[in-house]
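Student:
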Amino acid sequence: MAKRKRKVAAGVGAGRIPVSHPPVSPGLVSSRRGVPAGIERPPYASRPGGEPPAPSSSLVRTPAELDAMRRTGALAAEVLIAACEQVRVGITTDALDRFVHDAALAAGAYPSPLGYRGFPKSVCTSVNEVICHGIPDSRRLAPGDIVNIDVTVYREGVHGDTSVTLMLGDVDEHSRRLVAETRTALYEGIGAVRAGAAVSDIGRAIQSHAFKHSLGVVREFIGHGVGTEFHSGLQVPHYYDRRHSTAIAEGTTFTIEPMLTLGSPEAAIWDDGWTAVTVDGRRTAQFEHTLVCTADGAEILTRTSSGECAHDLFTTPIG
Ligand code: MF3
Ligand code: CO
Ligand code: CO
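The end of the sequence shown is residue 319 by our numbering, with every number in the run present.
#1: From A68 to L301, what does the alpha carbon distance come to, in whole angstroms?
#2: Which residues in the same chain have their Cβ closer than 6 Å to the Cβ of L114, if we skip the five residues on either side of it in sequence?
#3: Given S245, which residues of its chain have a CB within under 8 Å of its CB, disregarding the five upstream and five downstream residues?
#4: Output yes or no for whether 7 Å exceeds the beta carbon distance between Y44 and G38.
#5: For T312, does the count of other Cβ atoms within 10 angstroms reach 16, so buried, or fall short, so exposed?
#6: Ligand 3 heavy atoms versus the CB of D150: any closer than 6 Å?
#7: Is the segment 201-209 in contact with the segment 169-180, if contact means three or more CB pairs nearer than 8 Å?
#8: Under 7 Å between the Cβ atoms of V236 and P265?
#9: Check whether the Cβ atoms of V87 and A103 sit closer than 7 Å, and answer yes or no.
#10: How many whole angstroms separate the CB atoms of L215 and L141, which I take to be in contact at a CB cut-off of 8 Å?
#11: What does a CB cutoff of less than 8 Å around P143 pick up in its chain, not counting 5 residues either side in sequence?
#12: If I measure Cβ to Cβ from S138 and keep anything under 7 Å in the same chain, skipping five residues before and after, which residues do I get?
#13: Looking only at C-alpha atoms, which of S306, R204, E229 sits nearest to R242?
#14: For ligand 3, I want to know if S112 counts as a neighbour, meaning its beta carbon is within less than 6 Å of at least one of the ligand's heavy atoms.
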C-alpha cells in the first residue's frame, strides 16, 4: 500500500507550534430561559425542532427592510459591546448568556440563537480550540483564554449578527497573532465587497491574508445571507472557490465571519451536536459583521449609531 500523504495544515509550518493548554471540555448547561409573549419571535422559534422554513427570501433588501436592519444591526453591536464589558477571568459563559438574553429582551428583541434548530442558549461562546457554536455553560473563563462571543438579535422582522474574539490575561504570542490577523482578515474580506464583485473575491482576500500569516481557513462554516431569515440562501466561503462566481448585487445583506486557525482548519463536532472544535486541538479565532453591499463597497450594519464596534474597543487582553 502506498504511503498515505501526511495531511498538512493550510498554514505553512503551523504544525511546529505545540498545543500548550488544557482542552476545553463540556460544562453544565443551565435550563432554558424564557421569552415574554410581547417579544416578536422569528418563525423557527415556534416550529418543531426550531427548524427554519426553507430559505425563500430575496437576497436583496427593500429600503424599509434595510432601515430595520440598520437599527437591529446597531442593537446587535450594542449588546455585543455590553457583553464584552462583562468579560473577566472567572465569569462563566452561562453568565454571559444570561446577560445577552436579558439585554436582548430589554431592547424588545429576540435572541436569535435561542431554539434555532434546537440550539439551547441565547448566544454562542467559543473558547480556545472551539471554532464556533460553543454552548454557554458552567465553564469559567481562565487567564490565557481567548473567547469568541457571537450575538444575533431579531427585531422588526430582521436579524443582526456580529461576533468578536476577546483575550483574557496573559495570552500567548501565537494566540495574540491569531486574534489580530483574524480581525484583519475580516476587514480584508469586507474590502473586497462592491456591487458586481464576485462572492469568491471575498474568500480570496481572506484566504490570501490568512496564508500570508501561516494561518488555516475553516471551510465547514461560512458567511451567509442574513435579513428576514437568520441564514438565507447566499453562501459566503472564507476560502477561495472560483465556483462562487455570482456577482453580488447592490442591497444584498450577508455576513462575513472568517474562522482562522493556528494549525489544521479541520473541524469536528462534539456529541452536543453544536460545538465545533479543531481536530488538532489548536486555537482558532473569529470575527463577524453583517453588511449590505453598496455600489462601491459595503456598509457595515453591526456598528452602534455612533459607529462603535467591539472589534475596535477590545483589542488588548482583559484583566
Ligand atoms: N451566529 C451564528 C452565525 O454567525 C449562528 C449561530 S446558530 C446557533 O451564523 F444556533 F448556534 F446559534
Ligand atoms: Co453569522
Ligand atoms: Co454569528
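Built from N, CA and C at the ideal position, the CB exists for glycine as well.
The structure displayed is predicted, hence computed values, not measured ones.
Tutor: So, from the listed chains and residues:
#1: 10 Å
#2: S122
#3: A198, V199, S200
#4: Cβ distance not < 7 Å, so Y44 and G38 don't count as in contact.
#5: It should be noted that the sequence gives Asp, not Thr, for residue 312. So D312 counts as exposed.
#6: yes
#7: No, they do not touch.
#8: no
#9: no
#10: Not a contact, Cβ separation roughly 23 Å.
#11: V89, L168, G169, D170, G319
#12: G27, L28, T92, D94
#13: R204
#14: Closer than 6 Å to some heavy atom of ligand 3: that does not describe the Cβ of S112.
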